[in-house]
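These notes concern the structure reproduced below.
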Amino acid sequence: MNIEGAYISRIGILGSPSSASMINRIIINPIDETQYTITGRSDMTFRESCLYDWPFQNIRIDSKWYIFSENETDISNLPLSRYDGIAWIRTE
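My numbering applies: residue 76 is where the sequence shown begins, and numbers increase by one.
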């Protein structure tokens, strides 16, 4: 299975709380209108954080999906520290 951004290893991706600033962000899945919390280091992208602990049960991890901000901007590859609003996941 080839998943964009899947080069991430589950070992040590988050680091220890003392070595990195951890950030939580809310992502809404419009399919079931559920809010999910993703967590990661401040320099992790939204995509990396989602892939680390995939919370979206009704979206296949290997599908083409994107994270969008409130103003419809694709923030999938934006670091978590660069956007603190509510985001949405969408598939093609």
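Each residue gets a CB set at the ideal place from its N, CA and C atoms; glycine is no exception.
**Request:** Report the residue from Ser124, Tyr111, Asp118 whose alpha carbon sits nearest the alpha carbon of glutamine 132.
**Result:** Here residue 132 corresponds to residue number 57 of the sequence shown, with the count starting at 1. Closest option to glutamine 132, Cα to Cα, is Tyr111.
**Message:** Mapping the DSSP letters down to three states, classify arginine 122 as helix, strand or coil.
**Reply:** Against the sequence shown, residue 122 aligns to sequence position 47. Arginine 122 falls in the helix class under three-state DSSP.
**Prompt:** What is the DSSP secondary structure of tyrosine 141, reduced to helix, strand or coil?
**Reply:** Here residue 141 is taken as the residue at index 66 of the sequence shown, counted from 1. Note: tyrosine 141 maps to strand in three-state DSSP.
**Asked** Who pairs with asparagine 104 in a beta bridge, going by DSSP?
**Response** Taking the first residue of the sequence shown as position 1, residue 104 is located at position 29. According to DSSP, asparagine 104 bridges with Thr109.
**Message:** On the CB-based measure, 16 or more other CB atoms within 10 Å of its CB, does arginine 135 come out buried or exposed?
**Reply:** As a first step, residue 135 is located in the sequence shown; it is residue number 60 there, counting from the start. Exposed.
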